[in-house]
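Below is one structure; the comments refer to it alone.
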Amino acid sequence: MLYTDTIAAVATPVGEGGVGIVRLSGGDALTIARRIFRPRRGGEQYQPQLLRYGKIVDEQGQSIDEALAVYFKAPHSYTREDVVEVHCHGGALPLRRTLELALHAGARLAEPGEFTLRAFLNGRIDLAQAEATLDLIQARTQTGLQLALDQLGGGLSRQVQAARDELIGALAYLTALVDFPEDDVPEQEVLRPLRTALAQTERLYRGAEQGMLYRYGARAVLVGRPNAGKSSLLNALLQVERAIVTPVAGTTRDTLEETANLHGVPVVLIDTAGITETDDPVERIGVERSRRALATADIVLLVVDQSAPLTAEDLAIAALTHGRPTVLVGNKADQPSQLDPQPLLAAHPTLQAHVVTSAATGTGLAELGETVAHTLLGHSDLTGETLVTNPRHREALYRSVEHLRSAVAALEAGIPIDLVAVDVTAAVQALGEVTGETVGEDLLATIFSRFCIGK
Ligand SMILES: Nc1nc2c(ncn2[C@@H]2O[C@H](COP(=O)(O)OP(=O)(O)O)[C@@H](O)[C@H]2O)c(=O)[nH]1
Ligand SMILES: [Mg+2]
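Each residue of the sequence shown is one higher than the one before, starting from 147 at the first, in our numbering.
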């Protein structure tokens with residue numbers, strides 16, 4: 147055991163709730179629990195994993211709250227230490243009092259993420275799994291949740307570990323060979339494992355682009371001339387009346403952002419005011435904001451009213467979206483079509499798709515959501531694969547891929563093997579950073595400081 151002290155924290159969110167939990171972990175968890183929790187029946191002997199009924203008492207024996215307590219005996223607990231969870235009533239006051247009593251009885255207030263840090267340091271989970279608990283808590287869509295669960299279950303760790311094991315084996319051979327430079331590098335023992343590990347890390351690295359989208363989402367901006375139906379589309383995609391819609395052109399004067407779940411990808415939809423020049427000072431600010439939104443968007447929804455002919459303004463706005471991945475949305479499909487989109491389609495260098503919708507009847511909205519998600523995800527279907535969702539992991543995988551590419555190329559070119567060994571060592575190190583074998587205390591502190599207290 148690396149720690150000798152016992153930590154305590156409120157593990158449930160701040161605010162009122164049916165129950166709130168104070169969590170204790172460490173060698174003295176049970177001793178401290180005995181000081182603050184008095185079981186109704188059965189005395190001071192705790193049977194692990196059995197919920198007991200009783201009350202919280204202060205130093206004078208005064209009752210503070212009615213509560214339940216459960217003991218998890220090391221190593222069968224979240225942290226692998228002795229853990230006691232006390233379930234109080236979920237108000238700020240009983241929880242604070244119970245925590246204070248635990249601190250008085252000898253516990254130390256836990257740092258953010260310290261329970262999970264202990265689970266990692268005590269070897270119950272590796273670093274990628276520890277980080278997955280945070281992703282799980284913060285998941286915004288079902289897909290994000292699924293990916294976090296896979297990572298928590300060790301999906302990513304197993305694959306990274308497998309690649310790393312291949313490399314460690316190859317490295318042993320390489321190191322031995324350094325002393326016998328006249329020997330040939332054995333294909334089977336060195337090149338094959340290096341290529342296998344390279345393929346594995348490359349696959350994981352490629353999936354990271356998608357994984358990060360599911361985790362962090364993307365920004366989609368709606369642009370188009372007044373009254374094309376941008377605000378109506380935003381409302382329809384969100385399935386709430388968020389933006390004000392009227393037949394009066396110029397109703398939307400400011401940009402407005404809201405997150406929609408489009409096929410598992412959390413997409414921030416940004417509704418914009420006009421985007422072409424105007425004399426109205428308020429509108430002019432709106433125009434400026436619209437341009438800025440356009441500049442930071444991952445994808446553009448270029449909305450045109452397909453019940454009217456294309457106008458010069460449509461083309462001018464379309465020109466502003468050149469260079470960005472764009473989906474053309476022909477709205478008002480419930481009206482007879484008057485639109486020939488050809489001039490616009492022909493001139494646009496980065497148009498990805500053309501979808502016809504009606505914000506009024508809902509026609510084409512599902513297709514629009516799917517098109518946006520697929521355009522962002524880049525079409526390759528990685529469903530069911532382990533997807534890296536963490537920028538830190540992606541960066542480490544990137545370094546590992548680079549080192550392995552250069553190692554394989556060097557071996558093939560007959561470059562001295564001590565140089566190859568340097569690259570392979572660096573790749574082993576980088577992969578170890580994902581699972582936590584090779585990270586320093588500073589990095590651990592940074593990672594766990596993003597957690598909430600009590601996790
Ligand atoms: N018939 C029809 N009218 C629509 C549709 N979408 C929007 N509108 C109407 O077009 C007008 C302008 O819509 P709005 O969403 O405010 O457009 P914006 O200026 O681009 O944000 C409103 O009167 C809407 O009710 C549609 O799909 N079909
Ligand atoms: Mg509008």
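We treat Cβ as the ideally placed atom computed from N, Cα and C, and that holds for glycine.
Just so it is clear, the structure is predicted and the values come from calculations on it, not from any experiment.
{"Item": "Collapsed DSSP secondary structure at phenylalanine 266 in the structure displayed", "Value": "helix"}
{"Item": "Backbone CA spacing between aspartate 527 and glycine 172 [nearest angstrom]", "Value": "45 Å"}
{"Item": "Identified DSSP bridge partners for proline 185", "Value": "Gly200"}
{"Item": "Environment of proline 332 [buried if 16+ CB atoms lie within 10 Å]", "Value": "exposed"}
{"Item": "Residue from Arg180, Gln195, Phe218 whose Cα sits closest to the Cα of lysine 201", "Value": "Arg180"}
{"Item": "Cβ-based neighbour list, glycine 188, same chain, cut-off 8 Å, excluding 5 preceding and 5 following", "Value": "Arg198"}
{"Item": "Which listed residue (Ile153, Asn381, Val165, Ala389) has its alpha carbon closest to that of alanine 265", "Value": "Ile153"}
{"Item": "Where threonine 244 falls, given that 16 or more other Cβ within 10 Å makes a residue buried", "Value": "buried"}
{"Item": "Boundaries (first-last residue) of the alpha helix (DSSP H) holding glutamine 283", "Value": "The residue you asked about is not glutamine; residue 283 is isoleucine in the sequence shown. Per DSSP, isoleucine 283 belongs to the alpha helix (DSSP H) from 273-284."}
{"Item": "Same chain only: Cβ atoms within 6 Å of methionine 147, ignoring 5 sequence neighbours per side", "Value": "Residue confidence is low: methionine 147 scores 44 on pLDDT, short of 50, so the model does not pin down where it sits. Its coordinate-derived value is still stated next. Cβ within range, chain order: n/a, list empty."}
{"Item": "Presumed contact (8 Å Cβ cut-off) between arginine 437 and isoleucine 421, rounded CB distance", "Value": "6 Å"}
{"Item": "Rounded distance between the beta-carbons of lysine 601 and threonine 279, thought under 8 Å", "Value": "7 Å"}
{"Item": "Heavy atom of ligand 1 within 7 Å of lysine 478 beta-carbon", "Value": "yes"}
{"Item": "Coarse secondary structure for valine 554, derived from DSSP in three states", "Value": "helix"}
{"Item": "Phenylalanine 594 - containing alpha helix (DSSP H), residue span", "Value": "587-595"}
{"Item": "Runs of beta strand (DSSP E) lying entirely within the stretch 454-523, each at least 3 residues, in chain order", "Value": "472-477, 497-502"}
{"Item": "C-alpha distance - serine 552 paired with proline 537, whole-angstrom precision", "Value": "23 Å"}
{"Item": "Cα-Cα separation, alanine 316 to glutamate 190", "Value": "56 Å"}
{"Item": "Check whether valine 534 and leucine 302 have beta carbons under 8 Å apart", "Value": "yes"}
{"Item": "Contact test: lysine 376 Cβ vs ligand 1 heavy atom, cutoff 7 Å", "Value": "yes"}
{"Item": "7 Å CB neighbourhood of glutamine 346 in its chain, flanking five on each side removed", "Value": "Gln305, Ala308, Ala309"}
{"Item": "Burial state of aspartate 564, where buried means 16 or more other Cβ atoms lie within 10 Å", "Value": "exposed"}
{"Item": "For glycine 353, three-class secondary structure by DSSP", "Value": "helix"}
{"Item": "Contact under 8 Å by Cβ, glycine 510 with leucine 383", "Value": "no"}
{"Item": "Residue closest to threonine 521, alpha-carbon to alpha-carbon, out of Pro471, Glu531, Gln488", "Value": "Pro471"}
{"Item": "heavy atom of ligand 1 below 7 Å from threonine 392 C-beta", "Value": "yes"}
{"Item": "Within 8 Å, strictly: CB atoms of valine 449 and valine 369", "Value": "yes"}
{"Item": "Meets three-Cβ-pair contact criterion under 8 Å: the stretch 243-261 and the stretch 544-561", "Value": "no"}
{"Item": "Per-residue burial, threonine 289 [other beta carbons within 10 Å of its own, 16 or more giving buried]", "Value": "buried"}
{"Item": "Selection from Leu543, Leu359, Gly582 that minimises the alpha carbon distance to tyrosine 351", "Value": "Leu543"}
{"Item": "Proximity test, proline 482 beta-carbon vs ligand 1 heavy atom, cut-off 7 Å", "Value": "no"}
{"Item": "First through last residue of the alpha helix (DSSP H) which encompasses leucine 577", "Value": "563-581"}
{"Item": "Same chain, Cβ closer than 7 Å to threonine 442, neighbours up to 5 away in sequence not counted", "Value": "Arg365"}
{"Item": "Pairwise C-alpha distance: glutamate 335 and phenylalanine 326", "Value": "15 Å"}
{"Item": "Same chain, Cβ closer than 6 Å to alanine 285, neighbours up to 5 away in sequence not counted", "Value": "Leu291, Ala294"}
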